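Below you'll find the structure, written out as structure tokens, and then a few comments.
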Ligand code: C5P
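Residue numbers (our numbering): 4 to 288.
And the structure:
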């Protein structure tokens, strides 16, 4: 039996740079993992089947689950005859923009590589990951990175020390596919991801927070005005930055002061408008 953690990610910046022939979009992103994770436990079972268990009511345990799909794909590709039982202890909010499902799939790829001594290269794992979803390659890497293409080109960046992240998850399910279906690249406001990248390379936190942006915010905010209201509420407490992660609806605020982070959580925990869950975590090193 082995355990593998699956960390949640946030987008410190996200730009949509073009529409591709295959229907996906080319993106330019700064991605970071946070200290919020699902715990996955893997066990080889004698009968040749895939068994996924999870107590979270919104997580399917059949072939719709990316963990199930990752196992099936790797069993086929590497001729694995044993069965596998996986338990997902879910802590990352689902359909939130935090890549919970993608990170579970990435953890599965890493775990199967270890469990069956496959000795896969990082590139081979990325290739399997991209087949399952655009965020999976990044989740296999799991550290601060500049990410382009559909999500498969990963350029490592240095991590930032002492950054506290207040994650605010409004109780709304947002479909990534739906948000992207409304994208018109020339009508979006494009943040300067290059400036965010340059700031991170210099270890300059204040310069980074000044340039952060997410091109998908206006689309999600127009479809779900309560998310815009929530962002305004968070911004009124003046954290260093507040931004939507991915296609939303989860927002996050940044600060270098852990006391401020806890105070912000206390204020946001007071019911006001859309129901929300608030976590205080650190940017993962
Ligand atoms: O790859 P994934 O299944 O996570 O993507 C979900 C949906 O988001 C895709 O079907 C696509 O509509 C959209 N998407 C996109 N361009 C990307 C990533 C996702 O258009 N780079």
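For every residue, glycine included, the Cβ atom is placed at its ideal position computed from N, Cα and C.
This structure is a prediction, so every number in the text was calculated from the model and none was measured.
Taking 8 angstroms as the threshold (beta carbon to beta carbon), is residue i in contact with chain C?
{"i": "residue 4", "result": "In the structure shown, chain C cannot be found, because there is only a single protein chain."}
Starting from residue i, trace the alpha helix (DSSP H) in both directions and tell me its first and last residue.
{"i": "residue 76", "result": "69-80"}
{"i": "residue 280", "result": "Segment 279-285 is the beta strand (DSSP E) holding residue 280; no alpha helix (DSSP H) there."}
{"i": "residue 233", "result": "228-238"}
{"i": "residue 266", "result": "261-272"}
Write down the C-beta distance between residue i and residue j rounded to the nearest angstrom, noting that I regard them as a contact closer than 8 angstroms.
{"i": "residue 53", "j": "residue 77", "result": "Residue 53 to residue 77, Cβ: 10 angstroms. No contact."}
{"i": "residue 177", "j": "residue 221", "result": "About 14 angstroms; that fails the 8 angstroms criterion."}
{"i": "residue 112", "j": "residue 147", "result": "Wrong, their Cβ atoms sit about 20 angstroms apart, outside the cutoff."}
{"i": "residue 206", "j": "residue 261", "result": "The pair is not a contact, with the Cβ atoms about 19 angstroms apart (cut-off 8 angstroms)."}
{"i": "residue 105", "j": "residue 69", "result": "7 angstroms"}
{"i": "residue 44", "j": "residue 55", "result": "Rounded, the Cβ-Cβ distance is 11 angstroms, inconsistent with contact."}
Among the options, which one has its Cα closest to the Cα of residue i?
{"i": "residue 97", "options": "126, 87, 74, 57", "result": "57"}
{"i": "residue 49", "options": "217, 86, 37, 264", "result": "86"}
{"i": "residue 101", "options": "150, 179, 25", "result": "179"}
{"i": "residue 173", "options": "194, 94, 225, 279", "result": "279"}
{"i": "residue 109", "options": "266, 74, 253, 120", "result": "74"}
{"i": "residue 285", "options": "84, 236, 167, 153", "result": "167"}
{"i": "residue 219", "options": "88, 197, 188, 118", "result": "188"}
{"i": "residue 253", "options": "269, 233, 185, 171", "result": "171"}
{"i": "residue 42", "options": "162, 92, 68", "result": "92"}
{"i": "residue 40", "options": "6, 64, 269, 203", "result": "6"}
{"i": "residue 118", "options": "104, 27, 89", "result": "89"}
{"i": "residue 124", "options": "144, 265, 105, 106", "result": "144"}
{"i": "residue 275", "options": "267, 233, 266, 238", "result": "233"}
{"i": "residue 228", "options": "121, 136, 169, 277", "result": "277"}
{"i": "residue 139", "options": "154, 81, 226, 127", "result": "154"}
Residue i lies in the beta strand (DSSP E); which residues open and close that run?
{"i": "residue 14", "result": "5-22"}
{"i": "residue 65", "result": "Unbroken run through residue 65: none, as it is neither H nor E."}
{"i": "residue 40", "result": "28-48"}
{"i": "residue 212", "result": "Run containing residue 212: none in the beta strand (DSSP E); it sits in the alpha helix (DSSP H), 208-214."}
{"i": "residue 54", "result": "53-57"}
{"i": "residue 91", "result": "86-92"}
{"i": "residue 253", "result": "Unbroken run through residue 253: none, as it is neither H nor E."}
With contact counted as at least three CB pairs below 8 angstroms, one residue from each stretch, are the stretch 30-47 and the stretch 9-20 in contact? yes
> Given 8 angstroms as the limit, is there contact between the stretch 236-251 and the stretch 210-224, that is, 3 or more CB pairs closer than that?
Replying inline: yes
Count the C-beta pairs between the stretch 130-137 and the stretch 6-13 that are closer than 8 angstroms, then say yes if the count reaches three, no if not. no
Contiguous alpha helix (DSSP H) assignments of at least 4 residues, all confined to the stretch 174-201
179-184
Please give the ranges of any beta strand (DSSP E) in the stretch 99-165, keeping only runs that are unbroken, at least 3 residues long and fully inside the region.
148-152, 156-159
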